[in-house]
Amino acid sequence: MTRSALLIPLTTAAIALNAISPVYASDTHSIDDTVKQVETTLGAKVGIAVLDTGSQRAWFHRADDRFPMASTSKALTCAALLDKGQSFMNKEALIKKADLDEYAPVTSGIVGKKVSAADLCSITMRTSDNTAVNKVLEILGGPQAVTAYLRKTGDNITRLDRNEPDLNEGTPGDVRDTTTPRAILETLNKLVLGPTLGSDERKQLTTWLESNEVGDPLLRAGVPSDWRVADRTGAGGNGTRGVIAVMWPPKHAPIIAAIYITQTKATMEERNAAIASIGKAIAAEVLE
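When you line the sequence shown up against mature numbering (1 follows the signal peptide of the UniProt record, and there is no 0), it's residues -25 to -1, 1 to 263, in that order.
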């Protein structure tokens, strides 16, 4: 684990196990200690990048290793859509029964209807509906269009190669559909806090991230309840779990975080608790 200032331009105005899930003593543990404890307890590969945009302090662990993005990639797909402008936002896709992924909590109820790309992003960012994001990818021209957009923003590492659900495979050593914690943190910084998107598009992306209904057990469970959190979560094969977030503590500059766990047999509840513990440690260090 290393701690230093990120060499990127800031763009803000600016261990015990119980029977169910691990309990981490992050009240007294630093981010460094907590992440190491998570790796040991879960037998996992863990990568983090955290940036306090006010003090420019940053924390890294395996920050340049590749991790499966899983559904955290949905934020990048919707950013690529926003970059295309209103004409693409207004494009419609027909939801067909043959399109439905196993996880389609909203689109399974609107088969036979046409839905705008903007509404599809709203659905997938809120509920992580896989069919919705696949239809957005169809409108954009496929996963390679998202990768091309990322290259345009200066992210030469993150890549999207497949649709849902295949992108969630999480096979060790497979570079498809992966990022590094450092790369995606820098990209999230540019997208949410920087000039990469226009003002209206940046606000829309932030609104979508804040609307996430499936992120409560992760970072949101670890940071104080008065922090504003805009995040996108993901889960996949080989114990993959992740979250990317921009968080606004009261009277404090934004905190950006990218946390990924993979290569573990831990349960979903255990992985969620681990990420929540890292969130608690982040809050403790930021507010010290």
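Every residue, glycine too, gets a C-beta built ideally from N, C-alpha and C.
Per-residue DSSP class, three states only, for residue i
i: S91; result: strand
i: P43; result: strand
i: S(-5); result: Reliability of the predicted coordinates at S(-5) is poor, the pLDDT of 41 falling under 50, and the value obtained from them is presented with this limitation in mind. In the structure shown, S(-5) sits in coil (DSSP, three-state: anything other than H, G, I, E or B).
i: K20; result: strand
i: T162; result: helix
i: D27; result: strand
i: I234; result: strand
i: A107; result: helix
i: R246; result: helix
i: V221; result: strand
i: T99; result: helix
i: T82; result: helix
i: A55; result: helix
i: G60; result: coil
i: D7; result: helix
i: R216; result: strand
i: S1; result: Unreliable positioning characterises S1 in this predicted model, as indicated by a pLDDT of 41, which lies under 50. The coordinate reading is nonetheless provided below. Correct three-state label for S1: coil.
i: T153; result: strand
i: I257; result: helix
i: E263; result: coil
Opening and closing residue of the alpha helix (DSSP H) in which residue i lies
i: W183; result: 174 to 185
i: Y78; result: Element bounds for Y78: n/a, residue is neither H nor E.
i: V121; result: 118 to 128
i: A196; result: 194 to 197
Nearest-angstrom beta carbon gap, residue j and residue i [assumed within contact, 8 Å]
i: I219; j: A233; result: 5 Å
i: E188; j: R246; result: Actually they do not touch by this definition, with Cβ atoms about 18 Å apart.
i: G22; j: P156; result: 4 Å
i: V81; j: A107; result: 7 Å
i: N213; j: Q238; result: 6 Å
i: L172; j: L163; result: So it is not a contact: roughly 12 Å between Cβ atoms.
i: Y124; j: D58; result: 6 Å
i: R134; j: T122; result: 5 Å
Assigned exposure category for residue i - 16 Cβ within 10 Å defines buried
i: E260; result: buried
i: V240; result: Here residue 240 turns out to be Lys, not Val, going by the sequence shown. K240 should be labelled exposed.
i: R207; result: buried
i: D39; result: exposed
i: P224; result: buried
i: A(-7); result: Below a pLDDT of 50, predicted positions are generally treated as unreliable, and A(-7), at 32, falls in that range; the measurement from the model is reported next regardless. It counts as exposed.
i: D149; result: exposed
i: T9; result: buried
i: P43; result: buried
i: residue 294; result: No answer is possible for residue 294: the residues shown for the chain start at -25 and end at 263.
i: M243; result: exposed
i: R216; result: buried
i: D141; result: exposed
i: T16; result: buried
i: P229; result: buried
i: R177; result: buried
i: L168; result: buried
i: Y(-2); result: At Y(-2) the pLDDT is 43, less than 50, meaning the model places this residue with poor confidence; the figure from the coordinates comes in the next sentence. Label assigned to Y(-2): buried.
i: G197; result: buried
Element boundaries [beta strand (DSSP E), containing residue i]
i: residue 291; result: Lying before the first or after the last residue shown, residue 291 is absent from the chain, which here runs from -25 to 263.
i: R203; result: 203 to 211
i: A228; result: Where A228 is concerned, there is no enclosing beta strand (DSSP E), given that its DSSP letter is neither H nor E.
i: A33; result: 33 to 36
Neighbour flag for residue i against chain B, beta carbons, 8 Å
i: K178; result: Reference to chain B is not applicable here, since this structure consists of a single protein chain.
Checklist entry - Is the segment 92 to 108 touching the segment 10 to 28 in the sense that three or more CB pairs, one from each, lie closer than 8 Å? => result no
Next on the checklist: For the structure I just gave you, are there three or more beta carbon pairs, one from the segment 43 to 59 and one from the segment 68 to 75, closer than 8 Å?
Outcome noted: no
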